[in-house]
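Encoded as structure tokens, the structure appears first; notes follow it.
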Amino acid sequence: MSEATLQPATPSAAMIRTLGLVATVCGILLVLTYQNTLEAINANKRVALERAVFKVIPGAHSMKAFHVGKAGLVPEGGAVPEGAVRFYAAYDQAGQLKGLAAEAAGMGYADMVRVLYAYNPAKQAIDGFGVVGHRETPGIGDKIIFDKAFLKNFEALDARLDAAGDALANPIRVVKNGSKQNPWEIDAISGATVTCRAVARGINDSAQKLVPLLAPHLDKLTVPGQ
Amino acid sequence: MAIPGQKQLTSMDEFLEGIWKQNPVFVMVLGLCPALAVTVSAVNALAMGAATTFVLLGSALLVSLMRNVIPKEVRIATYIVIIATFVTIVDYLIAAISLELYEALGAFIQLIVVNCIILGRAEAHASKHAPGRAVINALGMGLGFTIGLFALGSVREIFGAGTLFGVPLFGPDFQPWVVMVLPPGGFFVLGAWLLLFNWWRNRKPAASEPANVVREASHG
Amino acid sequence: MTQPLRLELRTAPHVAKGNSVERIMFHVVLALLPICAFAVWQYGLSALALIITVTATCLLTERLFNRLSGTASTLSDWSATITGLLLALTLPPSFPLWMGVVAGFAAIALGKALFGGIGYNVFNPALVGRAFVQAAFPVAITTWVPAYFPSRFSEFIPTTLTMPLMTPPDIGAWVKGHMVDGFTGATPLARWKFENQVAEFGDMLSGVAAASVGETSALIVLVCGLYLAVRRFLDWRIPVAILGSAVLVALLFHLLEPGRYPPPYFVLLSGGLVLGAVFMATDMATSPVTPLGVWIYGILIGVTTVMIRYFGGLTEGIMYAILLGNALTPLIDQVTQPRVFGAGKGKKA
Numbered sequence: 001m002s003e004a005t006l007q008p009a010t011p012s013a014a015m016i017r018t019l020g021l022v023a024t025v026c027g028i029l030l031v032l033t034y035q036n037t038l039e040a041i042n043a044n045k046r047v048a049l050e051r052a053v054f055k056v057i058p059g060a061h062s063m064k065a066f067h068v069g070k071a072g073l074v075p076e077g078g079a080v081p082e083g084a085v086r087f088y089a090a091y092d093q094a095g096q097l098k099g100l101a102a103e104a105a106g107m108g109y110a111d112m113v114r115v116l117y118a119y120n121p122a123k124q125a126i127d128g129f130g131v132v133g134h135r136e137t138p139g140i141g142d143k144i145i146f147d148k149a150f151l152k153n154f155e156a157l158d159a160r161l162d163a164a165g166d167a168l169a170n171p172i173r174v175v176k177n178g179s180k181q182n183p184w185e186i187d188a189i190s191g192a193t194v195t196c197r198a199v200a201r202g203i204n205d206s207a208q209k210l211v212p213l214l215a216p217h218l219d220k221l222t223v224p225g226q
Numbered sequence: 227m228a229i230p231g232q233k234q235l236t237s238m239d240e241f242l243e244g245i246w247k248q249n250p251v252f253v254m255v256l257g258l259c260p261a262l263a264v265t266v267s268a269v270n271a272l273a274m275g276a277a278t279t280f281v282l283l284g285s286a287l288l289v290s291l292m293r294n295v296i297p298k299e300v301r302i303a304t305y306i307v308i309i310a311t312f313v314t315i316v317d318y319l320i321a322a323i324s325l326e327l328y329e330a331l332g333a334f335i336q337l338i339v340v341n342c343i344i345l346g347r348a349e350a351h352a353s354k355h356a357p358g359r360a361v362i363n364a365l366g367m368g369l370g371f372t373i374g375l376f377a378l379g380s381v382r383e384i385f386g387a388g389t390l391f392g393v394p395l396f397g398p399d400f401q402p403w404v405v406m407v408l409p410p411g412g413f414f415v416l417g418a419w420l421l422l423f424n425w426w427r428n429r430k431p432a433a434s435e436p437a438n439v440v441r442e443a444s445h446g
Numbered sequence: 447m448t449q450p451l452r453l454e455l456r457t458a459p460h461v462a463k464g465n466s467v468e469r470i471m472f473h474v475v476l477a478l479l480p481i482c483a484f485a486v487w488q489y490g491l492s493a494l495a496l497i498i499t500v501t502a503t504c505l506l507t508e509r510l511f512n513r514l515s516g517t518a519s520t521l522s523d524w525s526a527t528i529t530g531l532l533l534a535l536t537l538p539p540s541f542p543l544w545m546g547v548v549a550g551f552a553a554i555a556l557g558k559a560l561f562g563g564i565g566y567n568v569f570n571p572a573l574v575g576r577a578f579v580q581a582a583f584p585v586a587i588t589t590w591v592p593a594y595f596p597s598r599f600s601e602f603i604p605t606t607l608t609m610p611l612m613t614p615p616d617i618g619a620w621v622k623g624h625m626v627d628g629f630t631g632a633t634p635l636a637r638w639k640f641e642n643q644v645a646e647f648g649d650m651l652s653g654v655a656a657a658s659v660g661e662t663s664a665l666i667v668l669v670c671g672l673y674l675a676v677r678r679f680l681d682w683r684i685p686v687a688i689l690g691s692a693v694l695v696a697l698l699f700h701l702l703e704p705g706r707y708p709p710p711y712f713v714l715l716s717g718g719l720v721l722g723a724v725f726m727a728t729d730m731a732t733s734p735v736t737p738l739g740v741w742i743y744g745i746l747i748g749v750t751t752v753m754i755r756y757f758g759g760l761t762e763g764i765m766y767a768i769l770l771g772n773a774l775t776p777l778i779d780q781v782t783q784p785r786v787f788g789a790g791k792g793k794k795a
């Protein structure tokens with residue numbers, strides 16, 4: 001401390017000059033890195049998303065992202081209408097619509113459980129499910145990824161619209177292990193109830209919004225291209 | 227920081243210092259935040275070690291090059307700008323190399339910026355030595371840190387998942403020790419390594435230099 | 447500062463008669479034996495093997511650390527035996543033996559030896575071991591089997607002999623084949639928490655319900671505890687404070703919302719509350735020594751247990767409640783120091 005005060009103070013100009021020099025050098029380095037990695041990062045993100053979507057919609061070959069809101073359907077890249085929900089349309093090799101997928105999230109035991117589900121407009125049902133991210137207890141909560149009995153819930157999970165067309169006819173909900181009676185119920189994994197409930201709540205929240213908004217625009221999605 | 231009576235260090239000494247005598251994890255016990263948080267698998271540990279080494283090298287080089295023009299009063303601000311730059315670079319690089327790895331390491335890549343090893347090295351070593359020497363020292367420190375993380379990550383992966391680098395070691399029926407991939411497991415394994423390390427060092431009192439010379443005592 | 451600060455350390459118990467550590471510990475072992483015997487009667491060979499394995503591991507670990515630290519053997523003070531027996535009593539009867547070895551090692555190594563051995567440990571070693579395996583093997587430690595299944599003296603529960611490091615087999619089918627009437631595979635606490643069913647009073651007292659090895663019969667535990675309390679080998683105030691406060695809190699909740707919260711007898715008799723209150727919270731090294739401190743400590747544990755059971759993610763709360771009480775013990779002792787003689791009014795014990 002005393003040593004510093006004894007020494008002559010550096011002029012302000014020198015300090016500003018040095019900091020300016022450092023900031024410039026660092027700025028150039030950053031911009032160069034950003035520009036050179038941007039493409040690879042975006043490609044990585046696209047591949048990761050595609051892989052996730054293709055997993056919940058088997059047979060899909062290409063996909064497009066859309067936003068759907070009260071005002072209509074907008075392909076990704078355009079202006080996002082207020083209150084719009086994002087979803088992905090997947091097409092097979094011949095260009096036919098294979099299915100729709102959307103992301104959902106619910107609060108689990110430790111953190112948000114993020115999942116991707118496939119919605120089949122023809123069957124009016126959810127027929128695909130995959131976990132995108134979670135921090136649940138290994139050995140208990142992560143059973144939602146591979147537990148066969150649990151995954152069976154998502155082979156045809158009823159998601160019909162009600163008569164008015166503004167909500168699901170039956171809210172998707174979780175029931176105690178082994179007591180599933182209706183096609184809109186999810187049989188929980190015993191011991192991992194909290195995680196299963198998070199999945200069900202997330203999918204219900206998402207589908208309650210997405211399916212009614214999507215209904216008037218389904219015909220526009222069947223043809224790929226603009 | 228000169229230790230009285232100490233001879234001029236050779237390059238090899240400089241390099242080995244970080245790996246053994248001043249190992250960041252086992253001797254200085256610095257940088258514990260990433261050491262405990264991301265070492266759930268050997269791959270994560272190595273990636274984190276590599277990222278930290280990169281930042282150490284980059285910042286040591288730049289700080290050492292500019293050591294004569296950086297005014298005393300603003301040196302910490304300058305170091306932080308330099309370190310933050312290299313952390314951001316490594317952040318982009320990892321995302322470009324593998325998104326999976328990027329998500330596994332999470333916020334801890336950005337948090338390298340507050341890893342006290344790096345600021346500690348910049349302040350205590352790079353700012354006082356020529357670039358060549360600073361880089362050698364940084365490389366040794368980085369490798370030492372990586373070795374420390376790998377020691378944690380491999381043990382935690384073996385017990386927590388029954389695998390090493392994703393290769394199953396015990397067959398399909400292995401019972402994972404869930405605790406090992408949870409935060410308490412990190413503390414248990416670190417404690418066990420520190421115990422082993424100290425026990426080993428104390429068994430060799432013949433070593434000429436006092437083992438517990440810790441020059442920098444920053445914490446973070 | 448001319449005078450160095452003097453810290454005075456006192457150790458419990460302050461008894462007039464010549465009670466040695468060995469004598470007290472030996473009587474605790476004696477008091478634990480009937481509970482172990484009852485557990486073996488209920489669960490057969492598997493419980494016996496588990497108790498022997500865990501206790502042997504504790505003794506071997508203690509010996510190992512004696513050798514490593516170059517001190518004389520401390521096996522003869524019986525404390526490692528108590529840790530082993532208690533730890534085994536808190537594990538499920540179907541617990542694989544190799545996991546029992548892990549639990550025993552963790553109990554002595556992490557819970558006791560690293561702190562310096564008997565008297566220096568901050569936490570109850572048995573509970574440290576139990577907490578370790580609870581975190582490590584969450585599935586195995588919540589797998590339950592029916593008590594009094596007929597073949598219990600001729601065969602092991604299939605999970606008991608799991609190969610070391612391997613996952614125990616699924617015993618769902620085995621349990622079905624050995625069905626005892628009314629067994630659901632869940633403990634009374636879990637059934638209450640997830641299905642809102644309250645077990646029968648009589649069943650809980652006699653230990654038919656699914657539970658850990660030594661948690662099923664509160665009655666035997668209470669009798670053994672009473673013996674120790676009468677002989678003054680444990681501080682009766684601790685179990686009384688824990689059980690009393692737990693029952694009072696439970697009664698309060700039950701009166702407020704009888705449909706949602708179970709009656710107090712359920713809280714008292716389910717899970718490991720009685721075993722923990724009598725044998726684990728009373729560990730001398732980890733409980734307060736001042737009379738007021740003892741009451742605070744007990745009430746804290748009792749209330750925390752009920753809170754964890756009612757509002758926490760786990761079904762049973764006694765383990766973490768006691769560990770929390772252990773952690774707070776030095777603080778409780780510090781703030782409840784009696785007045786220095788002559789400095790205040792009245793007399794203090």
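Residue numbers (my numbering), protein chains in the order written: chain A, 1 to 226; chain B, 227 to 446; chain C, 447 to 795.
Yeah, the Cβ is synthetic: ideal placement off N, Cα and C, and Gly gets one too.
Nothing here was measured: the structure is a model prediction, and the numbers come from that model.
Is residue i near residue j, with beta carbons less than 7 Å apart?
i               : j               : result
G59 of chain A  : D92 of chain A  : yes
T782 of chain C : L746 of chain C : no
A657 of chain C : L689 of chain C : no
G748 of chain C : S691 of chain C : yes
P183 of chain A : N204 of chain A : no
I362 of chain B : E240 of chain B : yes
N153 of chain A : I186 of chain A : yes
A352 of chain B : A286 of chain B : yes
I768 of chain C : A727 of chain C : yes
R683 of chain C : V735 of chain C : no
Terminal residues of the continuous beta strand (DSSP E) containing residue i?
i               : result
Y88 of chain A  : 85-91
R201 of chain A : No beta strand (DSSP E) contains R201 of chain A, which is instead part of the alpha helix (DSSP H) from 193-214.
F129 of chain A : 125-133
L100 of chain A : 97-107
V74 of chain A  : 72-75
Does residue i have its Cβ less than 7 Å from a Cβ in chain B?
i               : result
V22 of chain A  : yes
C26 of chain A  : yes
L280 of chain A : The question about residue 280 of chain A has no answer, for chain A in this structure spans 1 to 226.
W612 of chain C : The sequence as given places Met at residue 612 of chain C; Trp does not occur at that position. It does: the Cβ of M612 of chain C has a partner Cβ on chain B nearer than 7 Å.
A549 of chain C : no
A581 of chain C : yes
A40 of chain A  : yes
A14 of chain A  : yes
Per the DSSP calculation, residue i is bridged to which residue(s)?
i               : result
P394 of chain B : B:T389
E185 of chain A : A:R173
P596 of chain C : DSSP, once it has assigned bridges, lists no residue as partnering P596 of chain C.
K64 of chain A  : A:A89
G69 of chain A  : A:G72
Checking contacts by CB at 7 Å: is residue i closer than that to chain A?
i               : result
P357 of chain B : no
T279 of chain B : no
T265 of chain B : no
I384 of chain B : no
L345 of chain B : no
Would the C-beta of residue i count as close to the ligand ZN, meaning under 6 Å from any of its heavy atoms?
i               : result
P571 of chain C : This structure lacks the ligand ZN; in fact it carries no ligand of any kind.
Counting along the chain, where does the alpha helix (DSSP H) carrying residue i start and finish?
i               : result
Y489 of chain C : 467-489
P121 of chain A : Segment: none, P121 of chain A is in no alpha helix (DSSP H) and carries neither H nor E.
I309 of chain B : 301-323
N42 of chain A  : 12-56
W590 of chain C : Element bounds for W590 of chain C: n/a, residue is neither H nor E.
V781 of chain C : 764-781
Check: In the region 390-412 of chain B, which residues sit with their C-beta less than 9 Å from some C-beta in chain C, listed in chain order?
Finding: F396, G397, P398, D399, F400, Q401, P402, W403, V404, V405, M406, L408, P410, G411
Next item on the list: Check each residue of the region 560-589 of chain C: if its Cβ is closer than 7 Å to any Cβ of chain B, include it; give the result in chain order.
Entry: F578, A581, A582, F583, P584
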